[in-house]
Each structure stands twice: as C-alpha cells, then as structure tokens.
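**Q** Got a structure for you, written out below as structure tokens; questions coming shortly.
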Ligand code: HEM
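Numbering (my numbering), first residue to last: 646 to 995.
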C-alpha cells in the first residue's frame, strides 16, 4: 500500500486498495467450490478406513465450510460502499458456491442418468473452470448502477413470490419437514405419517399445483435475485440472497431426484431411500453428498422465510428491534430443526 502524508488522500488510497482486494474475492468461492467434492470423498474414505469418527466429522465440516465461506463473500461484497462489475461477479459466484451442495447432487444425478459413472469430480471441475472463464471475460472494474428496487413490476413479483411461498409452506413444506423431524423415531414412524400426508400432496389436483408453484418460486426467484446481487446489502439481505440461490438449485435437484431418478424407475421414495438405508449416507461414496445437501436445505429454507418475513415487517412499519429479534428467532429455530432432522438422517434414534 502506498503511504501519503495527507489523511484524506491516504483514506482514498486505502479505500482503493481495499476494493482492489474485493475485486479478487471471487477466487475464494471458486477455490472453495473446487474443493467441495474432495471434502466429501475424503470424509467418506476416512469413515470406510476405520479412522476416528472425529476425523470423519472434521473433514465433513470442511465441506460445510464451503457454503459458509461463500456466504461470507456474498456478505462482504454487498457491504462495500462502491460495487464494481468484478464485485458483482464475486457475489454471483459466491452465491453459486453457497449452492455447491445441491449443484453437486444435481450433477451426480444427471451423470448417473446418462450412465457416466465415477467422473463427477472431473466434470464438476471442468464446469467451474468454464464458468470462471465466462465470468471473467464479461466483468469490468467499473462501478455498477443499482437496479431501482421500487420498480412496480418488481414489487408485484416480490409480493407474488411471498404469497406463493406461504401457500407452499402451508400445503406441503411444513408437513413435509415435520415428517422428516419424525425420522428420529425411526423409518416406520416416518412412513406412517408420510402415507397419511401422501393422500393430500399426491392428490391428482394438488400435486401438479404444488409442482407448478415450486417452478414459479424458482423462476420468480431468478428474476428477484439479479438486483440483489448488484445493490448494497446487510447481513440478512445477504442471507436472503444466498439462501434463495441455494433453494433454486435444491428444488430443481430434489424434484428431479424424486420424480426422474426414483419414481419414474419405480423406486419407493420413502425415508429409507432418502437416507440410503441400509448402507447409510456417510458410508456410501455417492450418497455422502446428500448430507450437506439436505441439512442445509432445511436451514436455508427456514432462514429464507425468516428474511422474507423481515422485509414484510419492515415495509409495514414494524419497529426495527421487533423485526430483527423475530428474524433471528426464526433463524435459530431453523438451526434447531436442521440439527434434529440431520441427526435422524445419520441414524440418531429416540
Ligand atoms: C431433509 C430434507 C428433505 C428430505 C430428506 C426430503 C425427502 C423427500 C422425499 C423422500 C420425498 C418423496 C416423498 C413421497 O414419496 O411421498 C420428497 C418429496 C418432495 N420434496 Fe422433499 N425432502 C427434504 C426437504 C425438502 C425441501 C426443503 C423442499 C423444498 C424446498 C422439498 C420439496 C419436495 C417436493 C416438491 C417433493 C415432491 C412432492 C410430491 O410428491 O408431489 N423437500 N422429499
């Protein structure tokens, strides 16, 4: 960093140096995304080789660190006073790296359906390199102009996205997650409740409506996320954007797995299927990817709803202290629900 005697000029030089640093921030989510499948593979190998469970867990935690670190990049690039094209690139790449778990699952399912076995890491690496090539050719260091979030079409779409999410939550997701919470009581309890719920969500009228609503969430989310990656953002705005990116890939991947990979080929899509019974998620080289994929989906879904709720409360003049406390409260509940569902999926029983 160049030093100068004038404090104002020194501040400017420091701001410029900091923003140059942020121009290169995209390297972090990029490297993290490349590492992600290796963390899964090494964690699986540690488990199979009989290493201490602490080693398996420690390596698995580094897989969870990939979306966590990418989230920090989403936040840091949104918190800067001036946002350049490169920083938008960094934020969008970081959003994709947050969504590495469902993206890697989707890739695995597509390769499996194409009968391409054992090349997931090579294809994943190639795709990320291609993505980086494309993004770096199309980004600039010039400041970007923020999208007017007050635009009326944008606001109407945001309201529709919120109403549709509420309908999906009531009609399907709340019961679906409640069903997965019961996994800690064993596959039989889970199955009994699922069979009762299936009467509702597999109903010939309701099921297509649920699926269409999910597609609407993905498409409207893709439109809404664009301005969010250009404008300044606080921590909860960043969480809303990052969780939205995760859910977009998760829903696409999960619906494809349930309907194409399983139901189309006549596989029973019950709890045993979801947790790779009898081998188990951690012991199976392919299925270990489902652990971060599912657990973070539960967390990000609840966090995304909490952040949406915060925007609604803020726009209806609720006091900041009240909406902040409610948002963090719901996120905390999300963490708890995630921990219980994940424990059930790796075999914990009550
Ligand atoms: C721990 C997390 C989750 C697990 C283990 C899981 C597992 C499953 C399973 C086993 C099915 C098939 C159910 C059946 O055959 O009746 C299913 C269906 C489905 N799940 Fe999930 N799921 C999880 C979270 C989610 C989340 C967060 C979403 C959406 C954001 C979601 C959306 C769906 C949809 C749309 C279906 C298809 C429903 C239908 O049959 O019409 N799931 N899931």
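Where a beta carbon is used, it is the ideal one built from N, C-alpha and C, also for glycine.
Quick one: is the Cβ of residue 915 within less than 7 Å of any heavy atom of ligand 1?
**A** Translated into positions along the chain shown, residue 915 becomes position 270. Within the cutoff, so yes.
**Q** From residue 864 to residue 902, what does the alpha carbon distance come to, in whole angstroms?
**A** Working through the chain shown from its first residue, we reach residue 864 at position 219. Working through the chain shown from its first residue, we reach residue 902 at position 257. Those two C-alpha atoms are separated by around 19 Å.
**Q** Count the other CB atoms within 10 Å of the CB of residue 761; is the residue buried (16 or more) or exposed (fewer)?
**A** For this step, residue 761 is matched to residue 116 along the chain shown. Per the 10 Å Cβ criterion, exposed.
**Q** For ligand 1, is there any heavy atom lying closer than 7 Å to the beta carbon of residue 847?
**A** The residue labelled residue 847 in the question sits at position 202 within the chain shown. At least one heavy atom of ligand 1 is nearer than 7 Å to the Cβ of residue 847, so yes.
**Q** Mapping DSSP to helix, strand and coil, what is residue 729?
**A** As a first step, residue 729 is located in the chain shown; it is residue number 84 there, counting from the start. In this structure, residue 729 counts as strand in the three-state DSSP scheme.
**Q** Out of 920, 822 and 933, state which residue places its alpha-carbon closest to the alpha-carbon of residue 709.
**A** Your numbering for residue 709 matches position 64 in the chain shown. Selected option, being the one with the closest Cα: 933.
**Q** With a cut-off of 8 Å, do at least 3 Cβ pairs link the segment 845–856 to the segment 826–836?
**A** no
**Q** Skipping 5 residues on each side, what residues in its chain have a beta carbon closer than 7 Å to that of residue 972?
**A** Along the chain shown, one-based indexing puts residue 972 at 327. Cβ neighbours of residue 972 beyond the five flanking positions: 881, 951, 952, 954 and 955.
**Q** When the Cα atoms are used, what is the spatial distance from residue 923 to residue 806?
**A** Taking the first residue of the chain shown as position 1, residue 923 is located at position 278. Taking the first residue of the chain shown as position 1, residue 806 is located at position 161. Here the C-alpha atom of residue 923 lies approximately 39 Å from the C-alpha atom of residue 806.
**Q** Helix, strand or coil for residue 676 per DSSP?
**A** What you label residue 676 is simply residue 31 of the chain shown in a count that begins at 1. Residue 676 carries a helical assignment under DSSP once its states are collapsed to helix, strand and coil.
**Q** Ignoring anything shorter than 4 residues or poking outside the segment 674–762, list the alpha helix (DSSP H) runs there in chain order.
**A** 698–723, 730–743 and 745–758
**Q** May I have the straight-line CA-CA distance separating residue 872 from residue 701, to the nearest angstrom?
**A** As a first step, residue 872 must be located in the chain shown, where it is residue number 227. As a first step, residue 701 must be located in the chain shown, where it is residue number 56. Roughly 40 Å separates the two Cα atoms.
**Q** Secondary structure at residue 890, three-state DSSP: helix, strand or coil?
**A** Taking the chain shown and counting its residues from 1, the one referred to as residue 890 is at position 245. Here residue 890 sits in helix by DSSP.
**Q** At what residues does the alpha helix (DSSP H) containing residue 809 begin and finish?
**A** As a working mapping, residue 809 is identified with position 164 in the chain shown. For residue 809, the enclosing alpha helix (DSSP H) begins and ends at 797–813.
**Q** On a Cα-Cα basis, can you pick out the residue from 775, 780 and 689 that is closest to residue 668?
**A** Your numbering for residue 668 matches position 23 in the chain shown. Nearest option by C-alpha distance: 780.
**Q** Quick one: Cα of residue 938 to Cα of residue 912, how far?
**A** The count along the chain shown starts at 1 and reaches residue 938 at position 293. The count along the chain shown starts at 1 and reaches residue 912 at position 267. For residue 938 and residue 912, the gap between their C-alpha atoms comes out near 20 Å.
**Q** Any heavy atom of ligand 1 inside 7 Å of the beta-carbon of residue 918?
**A** Counting from 1 along the chain shown, the entry for residue 918 is found at position 273. Residue 918: yes, Cβ under 7 Å from ligand 1.
**Q** Please confirm whether residue 722 and residue 739 have their CB atoms less than 8 Å apart.
**A** Within the chain shown, residue 722 is the residue found at index 77, counting from 1. Within the chain shown, residue 739 is the residue found at index 94, counting from 1. It is a contact, given that the beta carbons lie within the stated cut-off.
**Q** Taking 7 Å as the limit between beta carbons, can you name the residues of its chain near residue 800, skipping five residues before and five after?
**A** In the chain shown, residue 800 corresponds to position 155, counting from 1. Once the five neighbours on either side are set aside, residue 800 has no close Cβ partner at all.
**Q** In chain order, what are the residue ranges of uninterrupted alpha helix (DSSP H) at least 4 long that sit wholly in the segment 937–982?
**A** none
**Q** Using CA coordinates, which residue listed in 694, 675 and 817 is at the minimum distance from residue 927?
**A** Here residue 927 refers to the residue found at position 282 when the chain shown is read from its first residue. The candidate whose alpha carbon is nearest that of residue 927 is 694.
**Q** Is residue 843 near ligand 1 - that is, is its Cβ less than 7 Å away from at least one heavy atom of it?
**A** Numbered from its first residue, the chain shown carries residue 843 at position 198. Yes, the beta carbon of residue 843 sits closer than 7 Å to at least one heavy atom of ligand 1.
**Q** Leaving out the 5 sequence neighbours to the left and right, which residues in its chain are closer than 8 Å to residue 587 when beta-carbon positions are compared?
**A** One cannot answer for residue 587 here, as it falls past the ends of the chain, which runs 646 to 995.
**Q** Excluding five sequence neighbours on each side, which residues of the same chain lie with their C-beta closer than 6 Å to the C-beta of residue 671?
**A** For the purposes of this step, residue 671 is taken as residue 26 along the chain shown, with counting starting at 1. Its chain contains 734, 735 and 738 as the residues whose beta carbon lies nearer than 6 Å to that of residue 671, once the 5 sequence neighbours on both sides are disregarded; these appear in chain order.
**Q** What residue ranges within the segment 891–934 form continuous beta strand (DSSP E) runs of no fewer than 3 residues, ordered along the chain?
**A** none
**Q** Under the rule that 16 or more other beta-carbon atoms within 10 Å means buried, what is residue 654, buried or exposed?
**A** Residue 654 sits at position 9 when you count from the first residue of the chain shown. Note that residue 654 scores 48 on pLDDT, short of 50, meaning its location in the model is unreliable; the coordinates nonetheless yield the value given after this. That one is exposed.
**Q** Is it true that the CB of residue 944 sits closer than 8 Å to the CB of residue 979?
**A** Locating residue 979 in the chain shown gives position 334, counting from the first residue. Locating residue 944 in the chain shown gives position 299, counting from the first residue. Taking 8 Å as the Cβ cut-off, residue 979 and residue 944 qualify as a contacting pair.
**Q** Starting from residue 871, follow the alpha helix (DSSP H) in both directions and report where the run begins and ends.
**A** As a first step, residue 871 must be located in the chain shown, where it is residue number 226. Start and end: 851–873.
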